[in-house]
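I have placed the structure first, in the form of structure tokens, so that the comments after it can refer back to it.
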Amino acid sequence: MRFLTAIPRRGEGWVEAILLPIVALLLTHFLVPQDPLLLQQPFPWLLLIPLLIALRYEFLPGALAALILATAIWWHPYPLDHFLSVAAGTLLVTLIAAEYASHWVRREAGRALQEEITATRLRQLADDLYVTRTSLDRLEQSLLYQPVSVRSALQELRNDLHQSQGSFDVPVLEKVLYFLNQLAGVQVASWYRWEAGASRPQRLAALGKVSDWDGADPVARAALAEGHSQQLADLELERMHRYLSVHVHGHEKSGRDLLCIEDMSFFAITFESMKIIEVFFQYLCNHRDARISAEELLSRWSDCPVDFAADFLQLRSLAAIVPDVGICQRYLFHAGKEAQEIARRIQNLRRGLDVFWVHETEGHLLVLLLLPFAGSSAAEGQRARVEAELQKCCATLWESAFVRADFLPVDARPAAEQVARWLELRP
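If you read the sequence shown in the working numbering, its first letter stands for residue 2, the second for the next number, and so on.
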């Protein structure tokens with residue numbers, strides 16, 4: 002039992018309230034038989050027992066201890082008037098001690114609760130500070146590695162590819178690696194060209210302190226064996242050697258382009274960053290192939306712009322890798338000068354990456370606006386902006402020529418099948 006604790010368990014108070022006065026009475030009965038309650042002594046020491054019990058366990062245990070002491074009157078003849086005054090004083094002292102004990106217990110309970118609340122709030126504050134610190138680190142990384150947007154980077158890259166006719170010259174490749182550093186946190190990367198029949202690839206561009214080509218790396222071996230991009234997350238961590246990811250385009254017989262990522266910022270190693278790397282890599286590699294494959298579409302639809310066909314074929318290739326690669330926004334107008342004027346104004350309102358095609362058929366004029374890397378919400382916003390501007394400047398032309406507008410997503414179906422679907426007049 003914990004007799005010396007300040008606030009013991011509930012059952013222990015009753016044990017002390019019974020045992021202490023009984024033991025004290027037995028001792029005084031044998032030591033001072035003529036005055037077992039020590040009332041004739043200079044100080045009534047036995048009356049401290051109810052006081053102490055009341056201080057520890059409040060009123061009821063203290064009253065029980067006082068009652069046990071009062072049983073001494075049965076076997077020792079104390080004067081009744083003197084005994085009643087002592088009993089009243091003992092009861093009063095017990096009440097006062099019990100009230101103090103009750104107040105003290107409430108204060109201790111409040112203090113313990115306050116300490117628990119304070120500890121909980123401190124833990125919450127520590128957790129909030131940790132989350133805030135992590136968020137600030139992520140924000141710092143975002144500000145450090147994303148001073149440009151994906152759309153602006155792709156727009157600049159596309160302009161360079163148009164100027165170079167899709168060739169992979171060193172300035173274009175170095176710019177791609179720079180964009181990957183800014184947008185995806187790539188620290189060390191290299192671009193290789195592996196010609197058919199060669200024993201090892203040739204490095205065309207590099208970012209950071211790159212190492213020599215390591216064909217024995219498990220990520221590189223998996224990428225070359227399977228013919229598509231691989232990253233460390235697709236393999237077992239204990240197999241990590243050098244490359245975080247190796248991106249592959251092309252075939253072994255016709256030559257391959259390889260992008261090898263050796264190091265990235267810790268906070269940038271995410272699924273989104275890996276997708277950004279893959280999109281940039283495939284966008285660049287597909288551009289050259291798209292300009293060649295576009296001849297089939299151009300031969301079937303002679304009024305289709307080369308840029309529209311090439312960008313559409315690029316997005317169609319990316320549709321097998323990432324979702325929501327783009328949307329074709331289609332406007333249908335009655336043929337005439339009003340429709341041509343509206344088409345010209347829509348072309349002026351397009352964004353940097355958007356590609357424009359005007360197609361006349363069966364008394365109607367179709368305006369196709371290809372929105373690369375745009376989702377449904379972005380397409381709705383673009384349509385609302387275009388219609389709002391046209392309502393301001395040429396509401397009459399719009400009302401007389403407009404038939405309908407809708408959206409058609411870019412997917413991995415055959416290119417000619419999708420374009421034919423876009424050019425249909427029925428919804």
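Ideal Cβ positions, reconstructed from N, Cα and C, are used throughout, including at glycine. All values reported here derive from a predicted model rather than from experimental measurement.
Over what stretch of residues does the alpha helix (DSSP H) that includes residue 171 continue unbroken? The count along the sequence shown starts at 1 and reaches residue 171 at position 170. Counting along the chain, the alpha helix (DSSP H) containing residue 171 begins and ends at 171-185.
Can you find the residues in the same chain that come closer than 7 Å, C-beta to C-beta, to residue 392, ignoring five residues on each side of it along the sequence? In the sequence shown, the residue the question calls residue 392 occupies position 391. Hits under 7 Å: 399.
Could you check which residue in 285, 75 and 341 has the C-alpha nearest to that of residue 160? Looking up residue 160 in the sequence shown gives position 159. Nearest of 285, 75 and 341 to residue 160, Cα basis: 285.
Pop quiz: residue 248 and residue 257 are said to be a contact at Cβ under 8 Å. What is the actual Cβ separation, rounded to whole angstroms? The residue labelled residue 248 in the question sits at position 247 within the sequence shown. The residue labelled residue 257 in the question sits at position 256 within the sequence shown. Not confirmed; about 10 Å, so no contact.
Assuming residue 35 is part of the beta strand (DSSP E), what are its boundary residues? For the purposes of this step, residue 35 is taken as residue 34 along the sequence shown, with counting starting at 1. Unbroken run through residue 35: none, as it is neither H nor E.
Through-space distance from residue 164 to residue 332, alpha-carbon basis: In the sequence shown, residue 332 corresponds to position 331, counting from 1. In the sequence shown, residue 164 corresponds to position 163, counting from 1. In a straight line, the C-alpha of residue 332 is about 30 Å away from that of residue 164.
Would you kindly work out how many angstroms separate the C-alpha atoms of residue 126 and residue 208, rounded to a whole number? In the sequence shown, residue 126 corresponds to position 125, counting from 1. In the sequence shown, residue 208 corresponds to position 207, counting from 1. The alpha-carbon atoms of residue 126 and residue 208 are separated by roughly 41 Å.
Give the straight-line distance between the Cα atoms of residue 255 and residue 199, rounded to the nearest whole angstrom. Along the sequence shown, read from residue 1 onward, the residue named residue 255 stands at position 254. Along the sequence shown, read from residue 1 onward, the residue named residue 199 stands at position 198. Looking at the two C-alpha atoms, the distance is approximately 11 Å.
What are the boundary residues of the alpha helix (DSSP H) that includes residue 61? By one-based count along the sequence shown, residue 61 stands at place 60. Segment 60-71, the alpha helix (DSSP H) holding residue 61.
Which two residues bound the contiguous alpha helix (DSSP H) that contains residue 198? Taking the first residue of the sequence shown as 1, we reach residue 198 at position 197. Segment: none, residue 198 is in no alpha helix (DSSP H) and carries neither H nor E.
Could you tell me whether the stretch 375-387 touches the stretch 359-367, using the rule of 3 or more Cβ pairs below 8 Å? no
Applying the 10 Å Cβ sphere with the 16-neighbour rule, what's the burial state of residue 349? Taking the sequence shown and counting its residues from 1, the one referred to as residue 349 is at position 348. When all chains shown are included, residue 349 counts as exposed.
So what does DSSP say about residue 361, is it helix, strand or coil? Indexing the sequence shown from 1 puts residue 361 at position 360. In this structure, residue 361 counts as strand in the three-state DSSP scheme.
Strand pairing of residue 407, partner residues [DSSP]: The sequence position of residue 407 within the sequence shown is 406, counting from 1. DSSP lists 331 as partners of residue 407.
Give me the residue from 415, 351 and 179 with the minimum Cα distance to residue 386. The sequence position of residue 386 within the sequence shown is 385, counting from 1. When only C-alpha atoms are compared, the closest one is 351.
Beta strand (DSSP E) containing residue 263: first to last residue? Against the sequence shown, residue 263 aligns to sequence position 262. Residues 256-265.
Determine the direct distance from the alpha carbon of residue 330 to that of residue 301, and round the result to whole angstroms. As a working mapping, residue 301 is identified with position 300 in the sequence shown. As a working mapping, residue 330 is identified with position 329 in the sequence shown. Distance between the alpha carbons of residue 301 and residue 330: 21 Å.
Tell me the residue span of the alpha helix (DSSP H) that contains residue 391. Locating residue 391 in the sequence shown gives position 390, where the first residue counts as 1. Residue 391 -> alpha helix (DSSP H) spans 377-402.
Terminal residues of the beta strand (DSSP E) in which residue 203 lies: On the sequence shown, position 202 is the one that residue 203 refers to. Element bounds for residue 203: 203-208.
Residue of 372, 14, 424 and 334 minimising C-alpha distance to residue 312: Along the sequence shown, read from residue 1 onward, the residue named residue 312 stands at position 311. That would be 372, whose Cα lies nearest to the Cα of residue 312.
Kindly indicate which three-state DSSP category residue 8 falls into: helix, strand or coil? Here the question's residue 8 lines up with position 7 in the sequence shown. Here residue 8 scores only 42 on pLDDT, less than 50, and its place in the model is too uncertain to base an answer on.
Rounded C-alpha distance that separates residue 46 from residue 118: Within the sequence shown, numbered from 1, the residue matching residue 46 stands at position 45. Within the sequence shown, numbered from 1, the residue matching residue 118 stands at position 117. Using only the alpha carbons, I get a separation of about 43 Å.
Cutoff 6 Å; reference residue 59; Cβ partners in own chain excluding five residues on either side: Residue 59 sits at position 58 when you count from the first residue of the sequence shown. The residues are 99, 102 and 103.
Does the contact criterion of 3 or more C-beta pairs under 8 Å hold for the stretch 176-189 versus the stretch 209-218? yes
Test item: CB-CB of residue 336 and residue 359 under 8 Å: To locate residue 336, count along the sequence shown from 1; it is residue 335. To locate residue 359, count along the sequence shown from 1; it is residue 358. In this structure, residue 359 does not lie closer than 8 Å to residue 336 by Cβ.
Where residue 219 and residue 174 are concerned, what is the direct C-alpha to C-alpha distance, given to the nearest angstrom? As a first step, residue 219 must be located in the sequence shown, where it is residue number 218. As a first step, residue 174 must be located in the sequence shown, where it is residue number 173. About 25 Å.
Just the C-alpha distance for residue 111 and residue 124, rounded to the nearest angstrom, thanks. Stepping through the sequence shown from its first residue, residue 111 is reached at position 110. Stepping through the sequence shown from its first residue, residue 124 is reached at position 123. Straight-line Cα distance between these residues: approximately 20 Å.
Rounded separation between residue 294 and residue 390 - CA only: As a position in the sequence shown, residue 294 is number 293, starting the count at 1. As a position in the sequence shown, residue 390 is number 389, starting the count at 1. Taking the straight line joining both Cα atoms gives about 36 Å.
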